[in-house]
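Chemist: Let me begin by handing over the structure; questions about it come next.
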Amino acid sequence: MKLPFKINNKQKHLELLPNETLLQALRNNHFTEVKCGCNEGECGACTVLLDGKPVNSCQVLAMSVQEKEITTVKGIGTLYTPHLLQKSFAEAGADQCGFCSPGMVLASYSLLKENPQPTREEILVALDGNLCRCTGYVKIIDAVEMTAQKLHSNKLVME
Amino acid sequence: MLHQNLEWFFPHTTEEAVKLISQQGVILHGGGTRILKTSPKSIKGLVDVGKLNMNYIHHSGNKISIGSASTYDEVIRFSARTKKLSMLVKALSEAASTPLRNRITIGGSLKDFPIWSSLYAPLLALNAQIEIADKHDKIISLEEYLETGIIKTKHLIKRIILEDDPQVIGGVKRFVLIRFEYPLFTVAVALRTKQNIISDARIFITGVKGRYKHCKRAEHFLIGKELNDENIQQAKKHFAPKFVSDYKYSAEYKEHAAKVFFTDLLQELKGTVK
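Protein chains in written order, with this note's numbering: chain D, 5 to 163; chain Y, 1087 to 1360.
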């Protein structure tokens, strides 16, 4: 069946089955920026924002979120128009294989939107559902702090 | 894996939802995390609770009502704003991870009561009540809900009701090796004190043989006494939860660890007695 969803501020129709997770429904409909890692809600590679809050899309049944606003990493910035946070990830060297990056970026985005000047401890808590097997996390946390610094010094609001 | 011909229902009233779940193979859907963990093929239909207006937290007088569709994260945020429910929130904020806490609902956790649940011990210690809907609506204590086996029947949990009593101090401890893994057990203690003397105590542990234990002997020992080092050591002797050995830990080890956690908890509470 084909059902309407609000994804990245646009109305989209997804072809899906009633037993599909949001992760399956998104990937089967070309939103491949949402990555499939563990499929058990442990790794955070499949993170999307639901009404602005990070969730594991592999742990959400797609049918239950038709009326919610879904944001994938492409909803906050693209390759040609990256978000400030995405730029910081690149500058800090927070991407290696890049598989966890969409989830990391979205979890960080949600944190900074709510709390533009988080402490290191608050960053750790916000990213506790996202695993990275390359970076050892230090550069990812640096990237979030770097973004917070840029927001502060340039008097910017997280958009 | 869930059946691909799964039927979805989106009722607007609890009566409608209760009627729907009376059908064979039809169950409630809150956040869906537990359903996806087990994914039984026997599920034919899911009744989503999203339109039942059960996503709220109200504080009125000395009562706090938590709608069963509220997520762990929403309870944590309420507590951050109001400085209420600190004991419950300590357990919730250590459970799972941020993205899962944004999905796991209070009602879903209560209905399923997985052995690793961090939710039950603090709620039982706080003597929580729950409002459930089956043929009739009723309010019962959470302990009665478990003891009488209502938990195993088909019903809908509407809300949890907690008393906001400033005389009650409490704490919770979970046995975990890393912060967000499933706890081996969770112990919770709530004490009502007056002039340094314990006038009431509720002590519960989950993750034990039989899933949970109301530690009445330890409670009886503590009531009428001061919370000092000597009484804490004595109380430990009256706290004897029984565990089942597993591939990682023996029952004896778990019992020893639980006693250590219990005394640590009382020591922490000692400094806050009013």
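Virtual Cβ for every residue (Gly too), placed ideally from N, Cα, C. Owing to the predicted nature of the structure, the values given are computational and were not obtained by experimental measurement.
(1) Quick one: residues in its chain with C-beta nearer than 6 Å to the C-beta of Y/Tyr-1142, no 5 flanking neighbours on either side, listed in chain order?
(2) Using C-beta distances below 8 Å, list every residue in its chain close to Y/Met-1173, excluding the 5 sequence neighbours before and after it, in chain order.
(3) Are the segment 1155-1172 of chain Y and the segment 1216-1236 of chain Y touching by the rule of at least three beta carbon pairs closer than 8 Å?
(4) Between the C-alpha atoms of D/Tyr-113 and Y/Tyr-1158, what's the straight-line distance to the nearest angstrom?
(5) Say whether chain D places a C-beta atom closer than 8 Å to the C-beta of Y/Asn-1139.
(6) Would you tell me roughly how many angstroms separate the C-alpha atoms of D/Val-77 and Y/Arg-1163, rounded to the nearest one?
(7) May I have the straight-line CA-CA distance separating Y/Asn-1282 from D/Gly-45, to the nearest angstrom?
(8) Measuring CA to CA, which of Y/His-1300, Y/Phe-1261, Y/Gln-1110 is closest to Y/Lys-1177?
(9) Excluding the five sequence neighbours on either side, which residues of its own chain have a C-beta within less than 8 Å of the C-beta of Y/Lys-1149, listed in chain order?
(10) Given a limit of 7 Å on CB to CB distance, which residues of the segment 59-75 of chain D reach chain Y?
(11) Can you list, in chain order, the residues of its chain whose CB lies under 6 Å from that of Y/Arg-1189, leaving out five sequence neighbours each side?
(12) Give me the Cα-Cα distance between Y/Ala-1182 and Y/Glu-1267, rounded to the nearest whole angstrom.
(13) The beta strand (DSSP E) with Y/Ile-1143 in it runs from where to where?
(14) Kindly identify the DSSP beta-bridge partner or partners of Y/Phe-1290.
(15) Does the segment 8-21 of chain D come within contact of the segment 65-76 of chain D, defined as at least 3 CB pairs closer than 8 Å?
(16) Going by beta carbon distance, what residues of the same chain come within less than 7 Å of Y/Ile-1243, once the five residues before and after it are set aside?
(17) Identify which residue in D/Cys-40, D/Gln-100, D/Val-59, D/Ala-96 has its Cα closest to the Cα of D/Arg-137.
(18) Report the rounded CA-to-CA distance for Y/Leu-1114 versus D/Ser-92, giving the unit in angstroms.
(19) Work out the CA separation of Y/Thr-1279 and Y/Leu-1106 for me, nearest whole Å.
(20) Got a sec, what are the start and stop residues for the alpha helix (DSSP H) D/Gly-107 sits in?
(21) Apply the 10 Å Cβ neighbour rule to Y/Tyr-1298 and answer buried if 16 or more other Cβ atoms are within range, or exposed otherwise.
(22) Counting pairs of beta carbons, one from the segment 15-29 of chain D and one from the segment 61-72 of chain D, are three or more of them closer than 8 Å?
(23) Please compile the residues from chain Y whose C-beta is within a distance smaller than 9 Å of the C-beta of D/Pro-22.
(24) Indicate whether at least one CB of chain Y lies closer than 8 Å to the CB of D/Lys-117.
(25) Can a CB atom of chain D be found closer than 8 Å to the CB of Y/Tyr-1122?
(26) What does the alpha-carbon distance come out to for the pair D/Asn-158 and Y/Leu-1132?
(27) Give the DSSP-derived three-state secondary structure of D/Pro-8 in the structure shown.
(28) Relative to chain Y, which residues along the segment 124-140 of chain D have a C-beta separation below 9 Å, given in chain order?
(29) Determine which residues share a DSSP beta bridge with Y/Arg-1245 and list them.
Modeler: The answer reads as follows:
(1) For the purposes of this step, residue 1142 of chain Y is identified with residue 56 of the second sequence, where counting begins at 1. Result list for Y/Tyr-1142: Gly-1153, in chain order.
(2) For the purposes of this step, residue 1173 of chain Y is taken as the residue at position 87 of the second sequence. Around Y/Met-1173: Pro-1208, Ala-1211, Leu-1212, Gly-1256, Gly-1257, Val-1258, Ala-1274, Ala-1276.
(3) no
(4) The residue labelled residue 113 of chain D in the question sits at position 109 within the first sequence. The residue labelled residue 1158 of chain Y in the question sits at position 72 within the second sequence. Cα-Cα distance, rounded: 20 Å.
(5) The count along the second sequence starts at 1 and reaches residue 1139 of chain Y at position 53. By this cut-off, Y/Asn-1139 is not an interface position.
(6) Here residue 77 of chain D is taken as the residue at index 73 of the first sequence, counted from 1. Here residue 1163 of chain Y is taken as the residue at index 77 of the second sequence, counted from 1. If you take the alpha carbons of D/Val-77 and Y/Arg-1163, they lie about 25 Å apart.
(7) Numbered from 1 along the second sequence, position 196 holds the residue referred to as residue 1282 of chain Y. Numbered from 1 along the first sequence, position 41 holds the residue referred to as residue 45 of chain D. Cα-Cα distance, rounded: 45 Å.
(8) Mapped onto the second sequence, residue 1177 of chain Y falls at position 91. What sits at residue 1177 of chain Y in the sequence shown is Ala, not Lys. Relative to Y/Ala-1177, the option among Y/His-1300, Y/Phe-1261, Y/Gln-1110 whose CA is nearest is Y/Phe-1261.
(9) As a working mapping, residue 1149 of chain Y is identified with position 63 in the second sequence. So the qualifying residues of the chain are Ile-1247, Leu-1248, Glu-1249, Asp-1250.
(10) Flagged, chain order: Val-59, Asn-60, Gln-63, Val-64, Leu-65, Met-67, Ser-68.
(11) Taking the first residue of the second sequence as 1, we reach residue 1189 of chain Y at position 103. These residues qualify, in order along the chain: Gly-1117, Thr-1119.
(12) Counted from its first residue, the second sequence places residue 1182 of chain Y at position 96. Counted from its first residue, the second sequence places residue 1267 of chain Y at position 181. Taking the straight line from one Cα to the other gives about 7 Å.
(13) Here residue 1143 of chain Y corresponds to residue number 57 of the second sequence, with the count starting at 1. 1143-1146 is the extent of the beta strand (DSSP E) around Y/Ile-1143.
(14) One-based indexing of the second sequence puts residue 1290 of chain Y at position 204. Answer is Y/Ala-1274, Y/His-1300, bridged to Y/Phe-1290.
(15) Output reads yes: the segment 65-76 of chain D touches the segment 8-21 of chain D.
(16) Translated into positions along the second sequence, residue 1243 of chain Y becomes position 157. Only Ser-1154, Gly-1193, Leu-1196, Lys-1197, Ile-1216, Ile-1218 meet the Cβ criterion.
(17) On the first sequence, position 133 is the one that residue 137 of chain D refers to. The shortest Cα separation from D/Arg-137 among D/Cys-40, D/Gln-100, D/Val-59, D/Ala-96 belongs to D/Gln-100.
(18) The sequence position of residue 1114 of chain Y within the second sequence is 28, counting from 1. The sequence position of residue 92 of chain D within the first sequence is 88, counting from 1. Each residue's alpha carbon lies about 43 Å from the other.
(19) As a first step, residue 1106 of chain Y is located in the second sequence; it is residue number 20 there, counting from the start. As a first step, residue 1279 of chain Y is located in the second sequence; it is residue number 193 there, counting from the start. Pairing Y/Leu-1106 with Y/Thr-1279, the inter-Cα distance amounts to about 46 Å.
(20) Position 103 of the first sequence, counted from the first residue, corresponds to residue 107 of chain D. Unbroken alpha helix (DSSP H) run through D/Gly-107: 105-118.
(21) Taking the first residue of the second sequence as 1, we reach residue 1298 of chain Y at position 212. So Y/Tyr-1298 ends up on the buried side.
(22) yes
(23) Counting from 1 along the first sequence, the entry for residue 22 of chain D is found at position 18. Under the 9 Å cutoff, chain Y gives Leu-1088, His-1089, Gln-1090, Asn-1091, Leu-1092, Glu-1093, Trp-1094, Leu-1132.
(24) For this step, residue 117 of chain D is matched to residue 113 along the first sequence. No, no contact with chain Y.
(25) Counting from 1 along the second sequence, the entry for residue 1122 of chain Y is found at position 36. A small fix is needed here, since residue 1122 of chain Y is Leu in this sequence, not Tyr. Chain D, which has a Cβ nearer than 8 Å to the Cβ of Y/Leu-1122, makes this yes.
(26) The sequence position of residue 158 of chain D within the first sequence is 154, counting from 1. The sequence position of residue 1132 of chain Y within the second sequence is 46, counting from 1. Approximately 49 Å between the Cα atoms of the pair.
(27) Here residue 8 of chain D refers to the residue found at position 4 when the first sequence is read from its first residue. Strand.
(28) Val-129, Ala-130, Leu-131, Asp-132, Gly-133, Asn-134
(29) Indexing the second sequence from 1 puts residue 1245 of chain Y at position 159. Beta-bridge annotation (DSSP): Y/Arg-1245 is paired with Y/Gly-1153, Y/Glu-1217.
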